[in-house]
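Inspection log for the structure reproduced underneath, given as structure tokens.
Numbering (my numbering), first residue to last: 80 to 461.
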């Protein structure tokens with residue numbers, strides 16, 4: 080049986096800062112050796128050469144080792160960084176750790192559980208094709224099993240990190256007589272994320288196995304719980320499955336929904352409600368009362384270049400890439416719901432949620448006593 084989970088969100092005060100993780104450990108909130116996953120936002124450009132992800136990764140792993148976790152174990156902890164805090168999005172990390180049995184809140188209600196896995200190595204010539212979809216799907220199934228989840232309906236969030244194409248890996252493939260899907264490395268970020276989203280959807284039974292021709296073309300095929308990120312840091316799919324299971328205990332629960340478009344604040348509220356937080360029919364930020372740990376969203380510019388019938392210029396803008404524009408817009412919409420700019424909003428959502436929208440997952444604190452979520456100082460009506 081998986082152990083109960085403690086989950087906290089902490090701010091990142093500079094690119095190389097992991098002091099708030101150290102404080103959690105020093106305060107006895109969690110043990111360094113029990114940290115099993117970290118998901119966060121860094122303040123880089125969000126592109127292929129966003130090395131803030133590597134800097135943050137190193138800083139957080141160093142703290143875990145300094146605080147007593149074995150170095151070999153720390154190397155295996157899945158840490159997923161999404162680069163780019165455009166607009167008001169604030170750099171932060173959400174940290175997941177197991178809880179000792181004697182410190183677990185007992186309940187038979189569905190509570191948060193986490194499982195992780197690494198796929199088989201993904202070759203550059205597999206990115207964008209069914210070979211990658213199959214490898215991702217297999218890794219998702221392993222992570223589900225490790226989370227103690229047997230019903231795919233109990234999976235509410237799958238966060239991945241996968242390789243994208245670089246000049247080096249493109250040359251490697253071609254030196255072996257293989258062809259790659261694209262020679263544009265930035266485009267390969269969307270490609271890797273989209274292919275991974277299809278793999279998650281296949282693993283959870285949301286869709287049947289697609290064809291190579293479906294990748295990035297058939298946007299009606301998507302996962303409602305996928306959150307896929309890619310970078311230069313690895314050559315495998317790193318998979319973190321987050322869901323609910325009975326019997327694990329603890330105080331946290333996760334739920335999900337989708338944003339139908341970039342303005343769909345109701346989709347965010349629906350995810351919070353799905354996690355188990357009681358809210359009025361027309362909720363307000365003040366109704367959250369510190370019970371929301373974090374929300375995790377993917378966003379994507381609509382392929383028709385419009386939102387609710389109104390034309391926008393994101394896909395035509397040669398100065399600022401649409402990645403940064405839609406991330407900033409959805410980040411603002413999300414923070415207006417939560418009252419907290421430290422929200423996980425990641426771009427490039429092909430095959431992750433409906434076209435122009437994206438999946439939303441929410442983790443809430445349903446435990447006894449004082450809530451552990453963030454209460455924004457000076458928020459209206461808070």
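Glycine is no exception: its CB is placed at the ideal position from the N, C-alpha and C atoms.
query, result
"Residues bridged to residue 160 [DSSP beta-bridge criterion]", "119"
"Residue 323 in three-state terms, based on DSSP", "strand"
"C-beta neighbour in chain B for residue 398, strict 8 Å", "In the structure shown, chain B does not exist; there is a single protein chain."
"Those runs of the beta strand (DSSP E) which lie wholly inside the stretch 334-384 and span at least 3 residues", "371-378"
"6 Å CB neighbourhood of residue 169 in its chain, flanking five on each side removed", "420, 421"
"Short Cβ contact (8 Å threshold) for residue 195 with residue 306", "no"
"Bridge-paired residues (DSSP) for residue 444", "331"
"Test item: CB-CB of residue 276 and residue 302 under 8 Å", "yes"
"4-residue-minimum alpha helix (DSSP H) runs that sit fully inside the stretch 383-456, ordered along the chain", "401-417"
"Among 321, 391, 330, nearest to residue 219 - alpha-carbon criterion", "321"
"For residue 371 and residue 292, the rounded distance between their alpha carbons", "40 Å"
"Residues of its chain near residue 378, where Cβ-Cβ distance is below 7 Å and the 5 sequence neighbours each way are ignored", "341, 405, 406, 409, 424, 426, 428, 437"
"Rounded straight-line distance, which links the Cα of residue 435 to that of residue 92", "32 Å"
"Sufficient close CB pairs (3 or more, under 8 Å) joining the stretch 81-100 to the stretch 170-188", "yes"
"Minimum length 4: unbroken alpha helix (DSSP H) runs contained in the stretch 213-262", "246-254"
"Reference residue 448; option with closest CA among 184, 125, 97, 150", "184"
"Same chain only: Cβ atoms within 7 Å of residue 138, ignoring 5 sequence neighbours per side", "95, 96, 97"
"Simplified DSSP assignment, three categories, for residue 168", "coil"
"CB-CB length for residue 373 against residue 192, believed under 8 Å", "About 17 Å; that fails the 8 Å criterion."
"Chain-order list of residues whose beta-carbon lies under 6 Å from that of residue 280 (same chain, five-residue window excluded)", "286, 302"
"Residue 194 in three-state terms, based on DSSP", "strand"
"Buried/exposed call for residue 397, threshold 16 Cβ in 10 Å", "exposed"
"Reduced DSSP secondary structure (H/G/I, E/B, other) of residue 285", "coil"
"Buried/exposed call for residue 189, threshold 16 Cβ in 10 Å", "buried"
"Option nearest residue 179 by Cα separation, candidates 394, 113, 381, 297", "113"
"Residues near residue 354 by beta carbon distance below 7 Å, same chain, minus five either side", "332, 333, 334, 441, 442, 443"
"Straight-line Cα distance separating residue 227 from residue 109", "21 Å"
"Residue 385 burial status per 10 Å Cβ neighbour count (16 or more: buried)", "exposed"
"Classification of residue 145 by the beta-carbon crowding that lies within 10 angstroms, buried from 16 upward", "exposed"
"For residue 395 and residue 159, the rounded distance between their alpha carbons", "30 Å"
"Reference residue 82, options 182, 136, 453, 247, closest by Cα", "182"
"Cβ-based burial, residue 325 [other Cβ within 10 Å; buried from 16]", "exposed"
"Range of the contiguous alpha helix (DSSP H) that encloses residue 85", "No alpha helix (DSSP H) contains residue 85, which is instead part of the beta strand (DSSP E) from 84-90."
"Counterpart residues of residue 310 in DSSP-defined beta bridges", "242"
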